[in-house]
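Enquirer: FYI, my numbering numbers position 77 of the sequence shown as 81, with every residue one higher than the one before it. C-beta atoms are modelled at their ideal positions from N, C-alpha and C, and glycine is treated no differently.
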Amino acid sequence: MFDPLSSSIEHIKAGKLRALAVTTRTRWETLPDIPTVDNFVTGFEASAWQGVAAPKKMPVEIVEKLNKEINTALADPKMTARLTDAGGTVLRGSYADFAKLIAEDIEK
Numbered sequence: 005m006f007d008p009l010s011s012s013i014e015h016i017k018a019g020k021l022r023a024l025a026v027t028t029r030t031r032w033e034t035l036p037d038i039p040t041v042d043n044f045v046t047g048f049e050a051s052a053w054q055g056v057a058a059p060k061k062m063p064v065e066i067v068e069k070l071n072k073e074i075n076t077a078l079a080d081p082k083m084t085a086r087l088t089d090a091g092g093t094v095l096r097g098s099y100a101d102f103a104k105l106i107a108e109d110i111e112k
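1) Taking the alpha carbon of W53 as the reference point, which residue from E14, K17, A18, L87 has its own alpha carbon closest?
2) Can you give the Cα-Cα distance for I66 and N43, rounded to whole angstroms?
3) Using a Cβ cut-off of 8 Å (strictly closer), state whether T93 contacts chain C.
4) What is the DSSP secondary structure of V26, counted as helix, strand or coil?
5) Spatial neighbours of A23 within its chain, please: C-beta separation below 6 Å, excluding the five flanking residues on both sides.
6) Any idea what DSSP makes of T40, helix, strand or coil?
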């Protein structure tokens with residue numbers, strides 16, 4: 005089964021579920037002993053991301069304010085640790101960085 009790490013990590017850590025591999029290009033910091041699928045199927049990579057979206061015509065001042073506040077929250081070590089423990093990787097940046105990430109993902 006391919007399952008988002010965030011929904012299965014507690015079962016893996018508790019020993020109730022055995023992870024065979026992660027689908028990302030690199031190993032997860034949270035589970036460093038779990039290999040990647042790429043170790044067995046060269047070139048395989050699959051990942052998911054989550055972000056905050058807003059209506060297309062939202063005023064840029066509001067977008068910038070939201071972006072600033074979200075990045076501030078994500079810079080908090082407690083928030084970063086919580087997200088990492090849940091199997092996430094924290095990426096901070098501008099809304100343009102996020103739009104670029106989405107566009108690159110769509111191209112794949």
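Expert: Taking the coordinates as given:
1) By 1-based counting over the sequence shown, the position of residue 53 is 49. Measuring from the Cα of W53, the nearest candidate turns out to be L87.
2) The count along the sequence shown starts at 1 and reaches residue 66 at position 62. The count along the sequence shown starts at 1 and reaches residue 43 at position 39. Near 44 Å, if we compare the C-alpha coordinates of N43 and I66.
3) Of the protein chains in the structure, only one exists, and it is not chain C.
4) As a position in the sequence shown, residue 26 is number 22, starting the count at 1. Reduced to three states, the DSSP call for V26 is strand.
5) On the sequence shown, position 19 is the one that residue 23 refers to. If the five residues before and after A23 are omitted, its C-beta is found closer than 6 Å to the C-beta atoms of I16, I38, all from its own chain and listed in chain order.
6) As a first step, residue 40 is located in the sequence shown; it is residue number 36 there, counting from the start. Note: T40 maps to strand in three-state DSSP.
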